[in-house]
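Notes follow the structure.
This is the structure in C-alpha coordinates:
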(Lines of atoms letter the chains of each structure in order from A and count residues from 1; the text may use other names and numbers.)
(Lines give C-alpha, C1' and ligand atoms only; values in the text may rest on other atoms or scores of the structure.)
Protein backbone atom coordinates (compact mmCIF):
# COMPACT_ATOMS: atom_id res chain seq x y z
CA UNK A 1 0.00 0.00 0.00
CA UNK A 2 2.85 2.39 0.80
CA UNK A 3 4.48 1.52 -2.53
CA UNK A 4 1.21 2.28 -4.31
CA UNK A 5 0.85 5.63 -2.52
CA UNK A 6 4.45 6.51 -3.31
CA UNK A 7 3.95 5.63 -6.97
CA UNK A 8 1.01 7.96 -7.49
CA UNK A 9 2.53 10.61 -5.23
CA UNK A 10 5.59 10.61 -7.48
CA UNK A 11 3.34 10.94 -10.51
CA UNK A 12 1.59 13.97 -9.03
CA UNK A 13 -2.07 14.93 -9.13
CA UNK A 14 -2.18 15.95 -12.79
CA UNK A 15 -0.61 12.72 -14.06
CA UNK A 16 -2.73 10.60 -11.70
CA UNK A 17 -5.87 12.22 -13.12
CA UNK A 18 -4.52 11.59 -16.62
CA UNK A 19 -4.09 7.89 -15.77
CA UNK A 20 -7.69 7.64 -14.52
CA UNK A 21 -9.14 9.51 -17.51
CA UNK A 22 -7.02 7.50 -19.95
CA UNK A 23 -8.22 4.14 -18.70
CA UNK A 24 -11.86 5.27 -18.63
CA UNK A 25 -11.57 6.35 -22.28
CA UNK A 26 -9.55 3.28 -23.30
CA UNK A 27 -11.97 0.93 -21.55
CA UNK A 28 -14.93 2.68 -23.19
CA UNK A 29 -13.42 2.23 -26.65
CA UNK A 30 -12.77 -1.45 -25.96
CA UNK A 31 -16.36 -1.82 -24.75
CA UNK A 32 -17.67 -0.42 -28.03
CA UNK A 33 -15.42 -2.06 -30.65
CA UNK A 34 -13.74 -4.92 -28.75
CA UNK A 35 -10.16 -3.61 -28.92
CA UNK A 36 -8.08 -0.51 -28.34
CA UNK A 37 -7.44 -0.43 -24.59
CA UNK A 38 -3.64 -0.88 -24.63
CA UNK A 39 -3.29 1.13 -27.84
CA UNK A 40 -5.17 4.16 -26.51
CA UNK A 41 -3.55 3.87 -23.07
CA UNK A 42 -0.05 3.80 -24.55
CA UNK A 43 -0.85 6.68 -26.90
CA UNK A 44 -2.31 9.03 -24.29
CA UNK A 45 0.05 8.15 -21.45
CA UNK A 46 2.97 8.34 -23.88
CA UNK A 47 2.31 12.07 -24.08
CA UNK A 48 3.32 12.55 -20.46
CA UNK A 49 5.49 9.62 -19.28
CA UNK A 50 8.07 7.12 -20.48
CA UNK A 51 6.65 4.28 -22.61
CA UNK A 52 7.98 1.67 -20.15
CA UNK A 53 6.09 3.35 -17.29
CA UNK A 54 2.91 3.56 -19.38
CA UNK A 55 3.26 -0.10 -20.40
CA UNK A 56 3.63 -1.19 -16.78
CA UNK A 57 0.39 0.58 -15.87
CA UNK A 58 -1.64 -1.23 -18.52
CA UNK A 59 -0.53 -4.80 -17.67
CA UNK A 60 -3.35 -5.75 -15.25
CA UNK A 61 -6.22 -3.84 -16.95
CA UNK A 62 -5.22 -5.27 -20.34
CA UNK A 63 -4.81 -8.82 -19.01
CA UNK A 64 -8.12 -8.79 -17.14
CA UNK A 65 -10.18 -7.36 -19.99
CA UNK A 66 -8.53 -9.62 -22.60
CA UNK A 67 -9.04 -12.80 -20.54
CA UNK A 68 -12.64 -11.71 -20.09
CA UNK A 69 -12.93 -11.30 -23.87
CA UNK A 70 -11.35 -14.65 -24.77
CA UNK A 71 -13.28 -16.65 -22.15
CA UNK A 72 -16.63 -16.37 -23.92
CA UNK A 73 -17.59 -17.61 -27.37
CA UNK A 74 -17.00 -21.36 -27.34
CA UNK A 75 -14.23 -21.32 -29.97
CA UNK A 76 -11.15 -21.19 -27.76
CA UNK A 77 -9.86 -24.72 -28.39
CA UNK A 78 -10.15 -24.39 -32.16
CA UNK A 79 -8.56 -20.96 -32.18
CA UNK A 80 -5.59 -22.11 -30.07
CA UNK A 81 -5.07 -25.02 -32.46
CA UNK A 82 -5.17 -22.69 -35.46
CA UNK A 83 -3.27 -19.70 -34.07
CA UNK A 84 -0.64 -21.31 -31.82
CA UNK A 85 2.25 -20.74 -34.29
CA UNK A 86 1.52 -17.00 -34.32
CA UNK A 87 1.04 -16.89 -30.54
CA UNK A 88 4.34 -18.68 -29.94
CA UNK A 89 6.05 -16.33 -32.39
CA UNK A 90 4.70 -13.33 -30.46
CA UNK A 91 6.49 -14.61 -27.34
CA UNK A 92 9.67 -15.19 -29.35
CA UNK A 93 9.50 -11.78 -31.05
CA UNK A 94 8.89 -10.02 -27.74
CA UNK A 95 11.82 -11.82 -26.13
CA UNK A 96 14.16 -10.98 -29.02
CA UNK A 97 12.93 -7.40 -29.07
CA UNK A 98 13.43 -7.05 -25.32
CA UNK A 99 17.04 -8.19 -25.60
CA UNK A 100 17.73 -6.30 -28.83
CA UNK A 101 15.71 -3.09 -28.48
CA UNK A 102 13.88 -2.90 -25.16
CA UNK A 103 11.73 0.01 -24.06
CA UNK A 104 14.43 2.15 -22.52
CA UNK A 105 12.80 5.46 -23.40
CA UNK A 106 14.18 8.28 -25.48
CA UNK A 107 12.80 10.18 -28.44
CA UNK A 108 13.12 7.26 -30.86
CA UNK A 109 10.89 5.02 -28.72
CA UNK A 110 8.22 7.72 -28.48
CA UNK A 111 8.42 8.23 -32.23
CA UNK A 112 8.24 4.46 -32.70
CA UNK A 113 5.06 4.42 -30.63
CA UNK A 114 3.66 7.26 -32.75
CA UNK A 115 4.53 5.40 -35.96
CA UNK A 116 2.85 2.21 -34.70
CA UNK A 117 -0.32 4.12 -33.76
CA UNK A 118 -0.40 5.99 -37.07
CA UNK A 119 0.14 2.79 -39.08
CA UNK A 120 -2.65 1.05 -37.17
CA UNK A 121 -5.02 3.98 -37.72
CA UNK A 122 -4.29 4.16 -41.44
CA UNK A 123 -4.80 0.42 -41.83
CA UNK A 124 -8.12 0.66 -40.01
CA UNK A 125 -9.30 3.58 -42.16
CA UNK A 126 -8.04 2.66 -45.61
CA UNK A 127 -6.91 -0.96 -45.77
CA UNK A 128 -9.39 -3.04 -47.76
CA UNK A 129 -10.67 -6.32 -46.43
CA UNK A 130 -7.89 -8.83 -47.03
CA UNK A 131 -8.04 -12.58 -47.25
CA UNK A 132 -5.39 -15.08 -46.19
CA UNK A 133 -5.48 -18.54 -47.71
CA UNK A 134 -5.17 -21.50 -45.36
CA UNK A 135 -2.07 -22.67 -47.20
CA UNK A 136 -0.27 -19.43 -46.32
CA UNK A 137 -1.07 -19.51 -42.60
CA UNK A 138 1.83 -21.83 -41.59
CA UNK A 139 4.44 -19.21 -42.59
CA UNK A 140 2.48 -15.94 -42.54
CA UNK A 141 1.12 -16.42 -39.00
CA UNK A 142 4.55 -16.85 -37.35
CA UNK A 143 5.97 -13.97 -39.41
CA UNK A 144 3.19 -11.64 -38.22
CA UNK A 145 3.71 -12.92 -34.69
CA UNK A 146 7.45 -12.17 -34.65
CA UNK A 147 6.93 -8.67 -36.07
CA UNK A 148 4.12 -8.01 -33.59
CA UNK A 149 6.34 -9.17 -30.73
CA UNK A 150 9.24 -6.92 -31.73
CA UNK A 151 6.92 -3.90 -32.03
CA UNK A 152 5.37 -4.81 -28.67
CA UNK A 153 8.77 -4.91 -26.95
CA UNK A 154 9.69 -1.46 -28.28
CA UNK A 155 6.41 0.45 -28.05
CA UNK A 156 3.90 -1.50 -25.91
CA UNK A 157 1.49 -1.57 -28.88
CA UNK A 158 0.60 -5.09 -30.04
CA UNK A 159 -1.95 -4.63 -32.81
CA UNK A 160 0.31 -4.41 -35.89
CA UNK A 161 0.34 -6.64 -37.88
CA UNK A 162 -1.54 -9.18 -35.73
CA UNK A 163 -4.98 -7.53 -35.95
CA UNK A 164 -5.08 -7.09 -39.76
CA UNK A 165 -3.80 -10.66 -40.10
CA UNK A 166 -6.56 -12.13 -37.91
CA UNK A 167 -9.17 -9.99 -39.66
CA UNK A 168 -8.07 -11.58 -42.94
CA UNK A 169 -8.56 -15.17 -41.75
CA UNK A 170 -12.28 -15.25 -42.53
CA UNK A 171 -13.30 -15.84 -38.91
CA UNK A 172 -16.88 -15.31 -37.77
CA UNK A 173 -17.56 -12.23 -35.63
CA UNK A 174 -17.56 -14.27 -32.39
CA UNK A 175 -14.41 -16.12 -33.42
CA UNK A 176 -12.64 -12.88 -34.28
CA UNK A 177 -13.52 -11.23 -30.97
CA UNK A 178 -12.26 -14.30 -29.10
CA UNK A 179 -9.14 -14.54 -31.28
CA UNK A 180 -8.31 -10.89 -30.58
CA UNK A 181 -8.68 -11.52 -26.85
CA UNK A 182 -6.39 -14.54 -27.12
CA UNK A 183 -3.70 -12.71 -29.09
CA UNK A 184 -3.83 -9.64 -26.83
CA UNK A 185 -3.57 -11.80 -23.70
CA UNK A 186 -0.45 -13.53 -25.01
CA UNK A 187 1.04 -10.18 -26.06
CA UNK A 188 0.31 -8.60 -22.67
CA UNK A 189 1.92 -11.50 -20.78
CA UNK A 190 4.94 -11.41 -23.08
CA UNK A 191 5.24 -7.65 -22.56
CA UNK A 192 4.97 -8.11 -18.80
CA UNK A 193 7.79 -10.66 -18.92
CA UNK A 194 9.97 -8.25 -20.89
CA UNK A 195 9.29 -5.37 -18.49
CA UNK A 196 9.99 -7.63 -15.51
CA UNK A 197 13.28 -8.78 -17.02
CA UNK A 198 14.36 -5.17 -17.59
CA UNK A 199 13.37 -4.14 -14.04
CA UNK A 200 10.49 -1.88 -15.15
CA UNK A 201 7.74 -3.93 -13.49
CA UNK A 202 7.92 -4.21 -9.70
CA UNK A 203 5.53 -4.22 -6.78
CA UNK A 204 4.74 -0.51 -7.00
CA UNK A 205 3.99 -0.71 -10.73
CA UNK A 206 1.79 -3.80 -10.33
CA UNK A 207 -0.13 -2.17 -7.48
CA UNK A 208 -0.64 0.96 -9.56
CA UNK A 209 -1.73 -1.19 -12.51
CA UNK A 210 -4.23 -3.00 -10.28
CA UNK A 211 -5.74 0.33 -9.26
CA UNK A 212 -5.98 1.34 -12.93
CA UNK A 213 -8.26 -1.67 -13.43
CA UNK A 214 -11.14 0.22 -11.76
CA UNK A 215 -11.47 3.03 -14.34
CA UNK A 216 -10.79 0.53 -17.15
CA UNK A 217 -13.71 -1.69 -16.12
CA UNK A 218 -15.91 1.38 -15.62
CA UNK A 219 -14.98 2.51 -19.12
CA UNK A 220 -15.82 -0.93 -20.57
CA UNK A 221 -19.24 -0.82 -18.92
CA UNK A 222 -19.84 2.65 -20.39
CA UNK A 223 -18.66 1.45 -23.79
CA UNK A 224 -21.02 -1.52 -23.78
CA UNK A 225 -23.87 0.83 -22.87
CA UNK A 226 -22.82 3.24 -25.62
CA UNK A 227 -22.54 0.45 -28.19
CA UNK A 228 -26.32 -0.05 -28.03
CA UNK A 229 -26.96 3.63 -28.82
CA UNK A 230 -24.54 4.65 -31.60
CA UNK A 231 -23.28 3.22 -34.84
CA UNK A 232 -20.24 1.04 -34.19
CA UNK A 233 -19.00 1.85 -37.72
CA UNK A 234 -19.11 5.61 -37.05
CA UNK A 235 -17.46 5.21 -33.65
CA UNK A 236 -14.73 3.03 -35.17
CA UNK A 237 -14.04 5.66 -37.84
CA UNK A 238 -13.80 8.47 -35.29
CA UNK A 239 -11.56 6.26 -33.12
CA UNK A 240 -9.10 5.64 -35.96
CA UNK A 241 -9.03 9.32 -36.97
CA UNK A 242 -8.28 10.36 -33.39
CA UNK A 243 -5.69 7.61 -33.00
CA UNK A 244 -4.02 8.66 -36.24
CA UNK A 245 -3.81 12.29 -35.08
CA UNK A 246 -2.32 11.17 -31.76
CA UNK A 247 0.19 8.93 -33.52
CA UNK A 248 1.20 11.71 -35.91
CA UNK A 249 1.74 14.07 -32.97
CA UNK A 250 3.99 11.58 -31.17
CA UNK A 251 5.87 10.81 -34.37
CA UNK A 252 6.55 14.46 -35.16
CA UNK A 253 7.17 15.81 -31.66
CA UNK A 254 8.85 12.80 -30.09
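Numbering (our numbering), first residue to last: 91 to 344. Even glycine gets a Cβ: it sits at the ideal position worked out from N, Cα and C. Because the structure is a prediction, the values reported are computed rather than measured.
So does the stretch 260 to 277 actually touch the stretch 202 to 219, counting three or more Cβ pairs closer than 8 Å?
At 8 Å Cβ cutoff, the stretches do not touch.
Could you give the distance in angstroms between the alpha-carbon of residue 224 and the alpha-carbon of residue 107?
Within the chain shown, numbered from 1, the residue matching residue 224 stands at position 134. Within the chain shown, numbered from 1, the residue matching residue 107 stands at position 17. Taking the straight line from one Cα to the other gives about 47 Å.
Which residues bound the alpha helix (DSSP H) around residue 226?
Here residue 226 is taken as the residue at index 136 of the chain shown, counted from 1. Segment: none, residue 226 is in no alpha helix (DSSP H) and carries neither H nor E.
How far does the alpha helix (DSSP H) with residue 189 in it reach, from first residue to last?
One-based indexing of the chain shown puts residue 189 at position 99. Per DSSP, residue 189 belongs to the alpha helix (DSSP H) from 166 to 190.
Tell me, please, whether the stretch 300 to 319 touches the stretch 328 to 339 by the rule of three or more beta-carbon pairs shorter than 8 Å.
Counting Cβ pairs under 8 Å, fewer than three are found: no touch.
Compare the beta carbon distance of residue 155 and residue 127 with 7 Å and say whether it is the shorter of the two.
Translated into positions along the chain shown, residue 155 becomes position 65. Translated into positions along the chain shown, residue 127 becomes position 37. It is a contact, given that the beta carbons lie within the stated cut-off.
What residues in its chain sit with their C-beta under 6 Å from that of residue 148, if we drop five residues either side in the sequence?
What you label residue 148 is simply residue 58 of the chain shown in a count that begins at 1. Correct list, in chain order: 128 and 131.
Between which two residues does the alpha helix (DSSP H) harbouring residue 217 extend?
Working through the chain shown from its first residue, we reach residue 217 at position 127. Looking at the DSSP string, residue 217 is not in any alpha helix (DSSP H), and its letter there is neither H nor E.
Compute the distance between the beta-carbons of residue 121 and residue 310, then report whether it is under 7 Å.
Taking the chain shown and counting its residues from 1, one reaches residue 121 at position 31. Taking the chain shown and counting its residues from 1, one reaches residue 310 at position 220. A contact, by the Cβ cut-off of 7 Å.
Counting along the chain, where does the alpha helix (DSSP H) carrying residue 282 start and finish?
Translated into positions along the chain shown, residue 282 becomes position 192. Its alpha helix (DSSP H) spans residues 263 to 287.
Where does residue 266 land, buried or exposed, given buried means 16+ other C-beta within 10 angstroms?
On the chain shown, position 176 is the one that residue 266 refers to. Residue 266 should be labelled buried.
Would you kindly report the start and end of the unbroken alpha helix (DSSP H) that includes residue 343?
Here the question's residue 343 lines up with position 253 in the chain shown. Segment 322 to 343, the alpha helix (DSSP H) holding residue 343.
When burial is assigned at 16 or more other CB atoms within 10 Å of the CB, is residue 219 buried or exposed?
One-based indexing of the chain shown puts residue 219 at position 129. By the 10 Å Cβ count, residue 219 comes out exposed.
Have a look at residue 181 and residue 141 and give me their C-alpha separation to the nearest angstrom.
The residue labelled residue 181 in the question sits at position 91 within the chain shown. The residue labelled residue 141 in the question sits at position 51 within the chain shown. Taking the straight line from one Cα to the other gives about 19 Å.
For the alpha helix (DSSP H) that residue 154 lies in, which residues bound it at each end?
Your numbering for residue 154 matches position 64 in the chain shown. Looking at the DSSP string, the run of the alpha helix (DSSP H) that includes residue 154 is 141 to 160.
What does the alpha-carbon distance come out to for the pair residue 117 and residue 201?
Here the question's residue 117 lines up with position 27 in the chain shown. Here the question's residue 201 lines up with position 111 in the chain shown. Going by the C-alpha atoms only, they are around 24 Å apart.
When the Cβ atoms of the stretch 286 to 298 are set against those of the stretch 253 to 266, are three or more pairs found closer than 8 Å?
These segments do not touch.
Straight-line CA distance for residue 308 to residue 135?
In the chain shown, residue 308 corresponds to position 218, counting from 1. In the chain shown, residue 135 corresponds to position 45, counting from 1. Using only the alpha carbons, I get a separation of about 18 Å.
Could you give the distance in angstroms between the alpha-carbon of residue 286 and the alpha-carbon of residue 262?
As a position in the chain shown, residue 286 is number 196, starting the count at 1. As a position in the chain shown, residue 262 is number 172, starting the count at 1. The straight-line gap from Cα to Cα measures roughly 36 Å.
What span of residues does the alpha helix (DSSP H) with residue 110 cover, start to end?
One-based indexing of the chain shown puts residue 110 at position 20. Segment 103 to 123, the alpha helix (DSSP H) holding residue 110.
Is the beta carbon of residue 251 closer than 7 Å to that of residue 110?
Taking the chain shown and counting its residues from 1, the one referred to as residue 110 is at position 20. Taking the chain shown and counting its residues from 1, the one referred to as residue 251 is at position 161. No, the pair does not count as a contact, with Cβ atoms beyond the cut-off.
Mapping DSSP to helix, strand and coil, what is residue 260?
To locate residue 260, count along the chain shown from 1; it is residue 170. In this structure, residue 260 counts as coil in the three-state DSSP scheme.
Tell me the DSSP secondary structure of residue 294 in three-state form.
Counting from 1 along the chain shown, the entry for residue 294 is found at position 204. If DSSP states are grouped into helix, strand and coil, residue 294 belongs with the helices.
Roughly how many angstroms separate the alpha carbons of residue 259 and residue 103, rounded to a whole number?
One-based indexing of the chain shown puts residue 259 at position 169. One-based indexing of the chain shown puts residue 103 at position 13. Roughly 45 Å separates the two Cα atoms.
Pick out whichever of 171, 161 and 199 has its Cα sitting closest to the Cα of residue 228.
Along the chain shown, one-based indexing puts residue 228 at 138. For the residues 171, 161 and 199, the minimum Cα distance to residue 228 belongs to 171.
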